[in-house]
Amino acid sequence: MASSTYLSYCITVTNESLLYATEAHAGLDGPFRFFRLVQQRIAHGTLACSAPSPVSRIPTEVWELIQHKLVDKELRRAERVWISKLICDYLWKNEDGCDSCVDVLMEQKGTADPETAQACRAILAKYGLCMPSLQFLQDPVDHKATDSPASPCSKPESLVIIALPPFGVTSAASADEQPSYPTPSVSYDKYFNDAVWNVSFDLPACADDCFRALVRDYHLDVVAVHDGTLALAGTRAEKAGAESSRQVESVKSVRAIQPRWKLFTTVVCDW
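Here's what the structure looks like:
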């Protein structure tokens, strides 16, 4: 059994929405730079166009709407491309299901695929964010089940932690785990080791804006999830305690996004 624990200031998004955002990024990176430049020049009153072009009179809200529609288009394209990789020729012609397609789906790693994870982390780094773990959180159905052999990485509904990066991350776009603390090393000569860390809850300026900008740009599906509250005995928070079942709530608007400190653990049976 292998377990990993992380302490992060974070939000959770669906594996599916983050995967499509990563796949769509190549078609959106250039337009994003263009829209930001236009909006910046509008804000500073420096947008100049060849006369008699009406472009200079287009308000910022219209540019935002154009960007929103373009992102929708690219995300749908990314979804179609991804699904086409999972469905065999038989299933395109028949509606009675296909065991081979199910097997292919269960083997998918989604955003946890090393190459995709590197591309995803490169995008997140532009917003000052990271994906600390490639072990995703189970969706509520699998979390309650006693039998769930498929990895959460293969499920569209599984949840991915997006967080502020911890100190000591040498390569934001790597495919390695990015723990919240340096792991003490051991060897054949040194069997035992340990470490003790003080924890700072200081946040960089405008930390919450980083999350909201990412979600707004890529239309990510944000989900608030927890299994209870860790608290000291004798405090008001103690009453929250552990929940009887995983609490999951879809976050409907960018304004409602509320990043917070989370301690999360993933456990994998490796025997």
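All letters in the sequence shown, in the order written, are residues 0 to 270 by numbering that gives the first Met the number 0. We put the beta carbon where it would ideally sit given N, CA and C, even for glycine. This structure is a prediction, so every number in the text was calculated from the model and none was measured.
Is the stretch 22-30 in contact with the stretch 48-59, if contact means three or more CB pairs nearer than 8 Å? no
N- and C-terminal bounds of the alpha helix (DSSP H) containing residue 37: 14-43
Does the contact criterion of 3 or more C-beta pairs under 8 Å hold for the stretch 0-13 versus the stretch 152-166? yes
Give the C-beta separation of residue 118 and residue 13 to the nearest angstrom, bearing in mind that I take them to be a contact with Cβ-Cβ under 8 Å. The pair is not a contact, with the Cβ atoms about 17 Å apart (cut-off 8 Å).
Can the beta-carbon of residue 16 be found closer than 7 Å to that of residue 220? yes
Could you compute how far the alpha carbon of residue 124 sits from the alpha carbon of residue 115? 14 Å
Let's test the definition: count the other Cβ atoms within 10 Å of the Cβ of residue 246 and tell me whether it reaches 16, buried, or not, exposed. exposed
Spell out the partners DSSP gives residue 9 in its beta bridges. 162 and 259
Residue 71 - DSSP class collapsed to helix/strand/coil: helix
If you follow the beta strand (DSSP E) that residue 224 is part of, which residue opens it and which one closes it? 221-227
Mapping DSSP to helix, strand and coil, what is residue 48? coil
Determine, using beta carbons only, whether residue 264 and residue 4 come nearer to each other than 7 Å. yes
How about the stretch 212-219 and the stretch 60-76: do they share at least three Cβ pairs that are nearer than 8 Å? yes
Bridge partners of residue 248, per DSSP? 223
Beta-carbon separation (whole angstroms), residue 210 vs residue 258, contact threshold 8 Å: 5 Å
Tell me the DSSP secondary structure of residue 85 in three-state form. helix
For residue 262, which residues in the same chain have their Cβ closer than 6 Å to its Cβ, ignoring the five residues on either side in sequence? 6
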